[in-house]
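>
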Amino acid sequence: MADAKPFHWEFTPEAVTREVFRIEGGVPLRGEVPISGSKNAALKMFAAATLTGERCRFSNVPEIEDVRVMAETLRDLGVVVDHPEPNVYEIASGDVEWLFVPLEAAAKMRASFILLGPLLTRFGRVIISNPGGDRIGRRPVDLHVEAMRTLGATIEYRNGYYFATAPGRLRGTEVRFPFVSVMGTENAMLAATLADGHTVIRPAAQEPEVDDLIAFLQKMGADVARTFPDTIEVRGKRRLRGADHDVLPDRIEAGTFAIAGAVTGGQVTLTGAPCDHMTALLEVFARAGIEAECEADRIMIDGRHVADGGFRAVDIQTSPYPGLATDLQPPTCVLLTQAKGVSTVNEAIFEDRLEWLTELNRMGARVDINDNHHATIHGRTPLHGADAEIGDLRAGASLILAALAADGESTIHGAHHVQRGYENIERKFADLGARIARLEEGTDSTSS
Ligand code: UD1
49 MADAKPFHWE FTPEAVTREV FRIEGGVPLR GEVPISGSKN AALKMFAAAT LTGERCRFSN
109 VPEIEDVRVM AETLRDLGVV VDHPEPNVYE IASGDVEWLF VPLEAAAKMR ASFILLGPLL
169 TRFGRVIISN PGGDRIGRRP VDLHVEAMRT LGATIEYRNG YYFATAPGRL RGTEVRFPFV
229 SVMGTENAML AATLADGHTV IRPAAQEPEV DDLIAFLQKM GADVARTFPD TIEVRGKRRL
289 RGADHDVLPD RIEAGTFAIA GAVTGGQVTL TGAPCDHMTA LLEVFARAGI EAECEADRIM
349 IDGRHVADGG FRAVDIQTSP YPGLATDLQP PTCVLLTQAK GVSTVNEAIF EDRLEWLTEL
409 NRMGARVDIN DNHHATIHGR TPLHGADAEI GDLRAGASLI LAALAADGES TIHGAHHVQR
469 GYENIERKFA DLGARIARLE EGTDSTSS
């Protein structure tokens, strides 16, 4: 019952268990690592499942904190979320009794805002909290809100919440974005699937996760297609059906492990890796002189010549797909500390995504942060073990990479940030020969 739930504007965040990664670096990683399903695809598919009352089944879902938070958020709405076996989730949204996405969910995970489009278009109303998420810049949601208004919704903002209503159905129309937004594109597309009429979204994000979401929506019976590289068209349907989908592999996790192999001077094979989706990173490898061999779903990385100072400096710039992913900028910076010469970094997507480089400097790197979007990396600098603090998910994974490449022991604080997006990262690294443990802060006992 709706009135059984507390309706609160504020909340006190639960205390997270403080854990650290303890890493003894300097071991070249060797072996095979399986790549998990994509976080950024799985989260959107869970939201898409609320477009129908029928059951949806997802396999290859990564076992990560963000997925757990999304599952909990859906359960709080009255959605049935089953987890019959590892990496498999089933979602049935027949009875959604509570059209309210609270601050608890939003503060933990920005991607909770992806529920705006599907809940609004199916139920005609939703109250949703302004999201928090990673501490990497302002991360506004104005494009999402404007897209819903263009589709005919009325949205008011009060006390940190968006009150969205759409009496009757949303109306298909042209949704024009001033620049590319991944979740903005996805929210508009999800809303349009049940709208009345034809929607054209432009410029639409071209990330592979968006296309995987399109593939799932098509299985649900949605009339949606990418008609030009930067255009998605949707013809709204009255109802959608349940469907099964195998989530595509995570190109960001794959990139993280590829860089780990290279920067430790090891030899790593990624299995189940999305070679086709990693062209921009593999180009950086080619320019740096790192050997990478791609087969259909395997990538072999050979970084053994790092020890001879064999990597070349490379200038990098992040951009929307098919450009270099902003999520791979932090690990790529670690790699460039081991390249000979001066590399420049242009982080074009987010402001404040370079701040973590001060932590990298504590481990011996020589990086100048020139402004919010530009940094200069002076290589090659040997890295040494240190204490460092994780501020967000991707910076966290990157500090692990730096510690793996460093001589001596590192303690990386704030492990929970990494659990948000990487399935069992310490086990995967340990299987490649890394000396890594996740410990409770201030103890020496390994956590499970
Ligand atoms: C998604 C990914 C994230 C990745 C990012 C860019 C998920 C859950 N997250 O985030 O991992 O780093 O794409 O590839 O899929 N912006 C606005 N107003 C908005 C929305 C975005 O100004 O309403 C700005 C952002 O601040 C940023 C830029 O647009 O500068 C691009 O962000 P966007 O593509 O929307 O990122 P997300 O979809 O949030």
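My numbering puts the last residue of the sequence shown at 496; the count rises by one with no breaks.
Backbone N, C-alpha and C define an ideal beta-carbon position, used for all residues, glycine too.
Computed from a predicted model, the values in this text were never measured in an experiment.
#1: With DSSP as the reference, please indicate the residues paired to His422 in a beta bridge.
#2: Any chance the segment 217-226 sits against the segment 235-242, with 3 or more Cβ pairs inside 8 Å?
#3: Output the residue ranges of the beta strand (DSSP E) runs that lie fully inside the segment 57-99 and measure 3 residues or longer, sorted by chain position.
#4: Can we count Leu191 as close to the ligand UD1, meaning its CB is less than 7 Å from some heavy atom?
#5: If the criterion is Cβ atoms closer than 8 Å, does the pair Leu372 and Ala328 meet it?
#6: What's the C-alpha gap between Lys156 and Val117?
#7: With a CB to CB cut of under 8 Å and the five nearest residues on each side skipped, what residues in its chain are close to Leu147?
#8: CA-CA distance, His461 and Arg287?
#9: Would you say the beta carbon of Ala253 is closer than 7 Å to some non-hydrogen atom of the ligand UD1?
#10: Can you tell which of Asn207, Met268, Ala201 has its C-alpha closest to the C-alpha of Asp244?
#11: How big is the Cα-Cα spacing for Arg123 and Leu431?
#12: Comparing the CB of Thr374 with every heavy atom of the ligand UD1, is any distance shorter than 7 Å?
#13: Bridge partners for Gln365 per DSSP, in chain order?
#14: Please report the Cβ distance between Phe305 and Ile338, rounded to the nearest whole angstrom; I am assuming they are in contact, meaning their Cβ atoms lie under 8 Å.
#15: Hey, could you find the ends of the beta strand (DSSP E) Thr317 is sitting in?
#16: For the ligand NAD, is there any heavy atom lying closer than 7 Å to the beta carbon of Phe398?
#17: Is it buried or exposed, Ala344, if we count other Cβ atoms within 10 angstroms and call 16 or more buried?
#18: If you measure from the CB of Leu163, is any heavy atom of the ligand UD1 nearer than 7 Å?
#19: Using the rule of at least 16 other Cβ atoms within 10 Å of the residue's Cβ for burial, across every protein chain shown, is Val64 buried or exposed?
#20: In three-state DSSP terms, what is Asp356?
#21: Can you give the Cα-Cα distance for Arg158 and Ala396, rounded to whole angstroms?
#22: Give the straight-line distance between the Cα atoms of Arg183 and Gly439, rounded to the nearest whole angstrom.
#23: Along the beta strand (DSSP E) that carries Met411, what are the first and last residues, could you check?
#24: Under three-state DSSP, which class holds Arg428?
#25: What's the gap between the Cα of Glu120 and the Cα of Pro179?
#26: Report the three-state DSSP secondary structure of Leu372 (helix, strand or coil).
#27: Do Thr374 and Arg26 have their beta-carbon atoms positioned less than 8 Å apart in this structure?
Looking at the coordinates:
#1: Within the DSSP secondary-structure output, His422 pairs in a beta bridge with Asn394, Asp419.
#2: Touching, yes.
#3: Those beta strand (DSSP E) runs which fall completely within the segment 57-99 and span 3+ residues are 67-72, 78-82.
#4: Correct: Leu191 has its Cβ closer than 7 Å to the ligand UD1.
#5: Going by C-beta atoms, Leu372 is nearer than 8 Å to Ala328.
#6: Their Cα atoms are separated by approximately 8 Å.
#7: Excluding positions up to five away in sequence, the list reads Leu125, Leu167, Phe171, Arg173, Val174, Ile175.
#8: Cα to Cα, the separation comes out at about 47 Å.
#9: For Ala253, the shortest separation between its Cβ and any heavy atom of the ligand UD1 lies below 7 Å.
#10: Closest option to Asp244, Cα to Cα, is Ala201.
#11: Rounded to whole angstroms, Arg123 to Leu431 spans 45 Å at the Cα level.
#12: Within the cutoff, so yes.
#13: DSSP lists Asn394 as partners of Gln365.
#14: Contact flag wrong, Cβ pair sits at about 14 Å.
#15: Segment 315-319, the beta strand (DSSP E) holding Thr317.
#16: With respect to the ligand NAD, the structure offers nothing, as its ligand set consists of the ligand UD1.
#17: With fewer than 16 Cβ atoms within 10 Å of its Cβ, Ala344 is classed as exposed.
#18: Outside the cutoff, so no.
#19: Taking every protein chain shown into account, the CB of Val64 has fewer than 16 other CB atoms within 10 angstroms, so this residue is exposed.
#20: Three-state result, Asp356: helix.
#21: Using only the alpha carbons, I get a separation of about 20 Å.
#22: Any reading at Arg183 must be qualified, since the residue scores a pLDDT of 40, below 50, and its modelled position is unreliable; no value is offered.
#23: For Met411, there is no enclosing beta strand (DSSP E), as DSSP marks it with neither H nor E.
#24: Of the three classes helix, strand and coil, the one that applies to Arg428 here is coil, per DSSP.
#25: Their backbone Cα atoms lie some 16 Å apart in a straight line.
#26: Of the three classes helix, strand and coil, the one that applies to Leu372 here is strand, per DSSP.
#27: Here the chain comprises residues numbered 49 to 496, so residue 26 is not present and cannot be evaluated.
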